[in-house]
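Notes for the one structure printed next.
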Amino acid sequence: MVVFGSKATEVATETIQDKCANCGTQNSVQMTVFQKYAHVFWIPFFPIGKTGLTQCSHCKQVLEKKEFPVYLRSNFEILKQKGKTPVWTFSGIILLFFFFILGGIVSKQREEKNLMLIASPQAGDIYEIKIDYKQYTLYKVENIEGDTVFVLLNEYETNKRRGLSDSKIRRDESFSGETFPILKTDLKMMVEDGEIMDIERK
């Protein structure tokens, strides 16, 4: 379950140089500006605007932004400009960007590793194969003859990639007895196209 919502943090406060509209006391109204931000699992993701309120130190009247008279609205606009949006309210977006970059680096390193392994296949190599959208299986290298690699096809398929780690699909008896020939050049294309997602070599 995703927990999301919004919160606010104080970014500016100032005493208004005017009378309180309720009790008439001079210089008694304090205005505070808050930065609102959206959060997911209590991690700030992005700012969603500013709001404010005032409180009179004499009569204790509290007004929200929507209740401000005209003179307080102009003060709010000025104070709002002084209240800078904290960088940490962008934490979620920064984290997503970081993980996106990290994921790209890891994916690139995996592809380079797979291309290196596919260039010199060995008997016993296990290929994680994406057959179609949400359909996965395994190939196992049986032997190599020149530019042709003979693989055993797995009898099982799974609709989740993590299902490929199941011991049932990795047993020797789960692979068919007949070999299927694939050219090394075709295997290289399968890696580049993402059809071979990963290669395991013991």
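The numbering of the sequence shown is full-length UniProt numbering, which starts it at 1 and goes up by one.
Note that beta-carbon positions come from the ideal geometry of N, C-alpha and C, so glycine has one too.
Inset, instruction - Please classify GLU77: does DSSP put it in a helix, a strand, or coil? - result: Residue numbering aside, residue 77 sits at position 77 when the sequence shown is read from its first letter. It is helical.
Legend entry - According to DSSP, residues forming a beta bridge with TYR133: Counted from its first residue, the sequence shown places residue 133 at position 133. According to DSSP, which records beta bridges pairwise, TYR133 is partnered with nothing at all.
Legend entry - Close Cβ partners of PHE34 (< 7 Å) along its chain, the five nearest in sequence each way excluded: As a first step, residue 34 must be located in the sequence shown, where it is residue number 34. Correct list, in chain order: ALA8, THR9, GLU10, VAL11, LYS50, THR51 and GLY52.
Inset, instruction - Specify the secondary structure class of ALA38 as computed by DSSP and reduced to three states. - result: Working through the sequence shown from its first residue, we reach residue 38 at position 38. Three-state DSSP puts ALA38 in a strand.
Inset, instruction - Answer yes or no: do GLU112 and THR137 have a C-beta to C-beta separation smaller than 8 Å? - result: Along the sequence shown, one-based indexing puts residue 112 at 112. Along the sequence shown, one-based indexing puts residue 137 at 137. Cβ atoms of GLU112 and THR137: not closer than 8 Å.
Legend entry - Cβ pair count under 8 Å reaching 3, the region 100 to 116 against the region 194 to 202: yes
Inset, instruction - Quick one: using the 10 Å Cβ neighbour count with 16 as the cut-off for buried, is ASN159 buried or exposed? - result: For this step, residue 159 is matched to residue 159 along the sequence shown. Exposed, since its Cβ has fewer than 16 Cβ neighbours within 10 Å.
Legend entry - Identity of the residues DSSP links to GLY52 by a beta bridge: The residue labelled residue 52 in the question sits at position 52 within the sequence shown. Note: GLY52 sits in a beta bridge opposite VAL33.
Inset, instruction - With a threshold of 16 other CB atoms inside 10 Å of the CB of MET189, please say whether the residue is buried or exposed. - result: Here residue 189 corresponds to residue number 189 of the sequence shown, with the count starting at 1. With fewer than 16 Cβ atoms within 10 Å of its Cβ, MET189 is classed as exposed.
Legend entry - Length of the line joining the Cα atoms of GLY146 and ASP166: Looking up residue 146 in the sequence shown gives position 146. Looking up residue 166 in the sequence shown gives position 166. Taking the straight line joining both Cα atoms gives about 32 Å.
Inset, instruction - Taking SER176 and LEU153 to be in contact with their CB atoms under 8 Å, please state how far apart those CB atoms are, rounded to whole angstroms. - result: Taking the first residue of the sequence shown as 1, we reach residue 176 at position 176. Taking the first residue of the sequence shown as 1, we reach residue 153 at position 153. SER176 to LEU153, Cβ: 5 Å. Contact.
Legend entry - Where THR89 falls, given that 16 or more other Cβ within 10 Å makes a residue buried: Position 89 of the sequence shown, counted from the start, is the residue given in the question as residue 89. Flag for THR89 reads buried.
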